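In the numbering used here, the protein residues as written are 875 to 929.
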Amino acid sequence: MKTITVLIPAYNEEAVLPQLFTRLKDLQKIIKKYYLDLQLLMLTYRAILARKLAC
Numbered sequence: 875m876k877t878i879t880v881l882i883p884a885y886n887e888e889a890v891l892p893q894l895f896t897r898l899k900d901l902q903k904i905i906k907k908y909y910l911d912l913q914l915l916m917l918t919y920r921a922i923l924a925r926k927l928a929c
């Protein structure tokens, strides 16, 4: 089975994450019919980390 990896960067996205994951779970059900697997990776950014990366 082949895997599709979705990398999701997030910053202050708490309000929309439940809807996003509901849609991605629906997508996962659809693509299983084509013998594909869906891997989800979420990166959460914080202001402190962003400042460190900017320096």
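Ideal placement from N, C-alpha and C gives every residue a C-beta, glycine not left out.
Bear in mind that the values here come from a model prediction, so they are computed numbers and not experimental data.
Less than 8 Å between C-beta atoms, sequence neighbours within five positions excluded: which residues of the same chain meet that for valine 880? As a position in the sequence shown, residue 880 is number 6, starting the count at 1. For valine 880, where only same-chain residues beyond five positions count, the Cβ hits under 8 Å are Leu898, Leu912, Gln913, Leu914, Leu915.
What number of angstroms, rounded off, separates the C-alpha of phenylalanine 895 from the C-alpha of leucine 901? Residue mapping note: residue 895 aligns to position 21 of the sequence shown, counting from 1. Residue mapping note: residue 901 aligns to position 27 of the sequence shown, counting from 1. Between phenylalanine 895 and leucine 901, the C-alpha separation is close to 10 Å.
Can you tell me which of the three DSSP states lysine 899 falls into? Counting from 1 along the sequence shown, the entry for residue 899 is found at position 25. Helix at lysine 899.
C-alpha gap between proline 892 and isoleucine 882, whole angstroms: As a working mapping, residue 892 is identified with position 18 in the sequence shown. As a working mapping, residue 882 is identified with position 8 in the sequence shown. Distance between the alpha carbons of proline 892 and isoleucine 882 is about 13 Å.
Starting from methionine 875, follow its DSSP beta bridges and name the residues at the other end. Walking along the sequence shown from the start, residue 875 turns up at place 1. Methionine 875 pairs with nothing; no bridge assigned.
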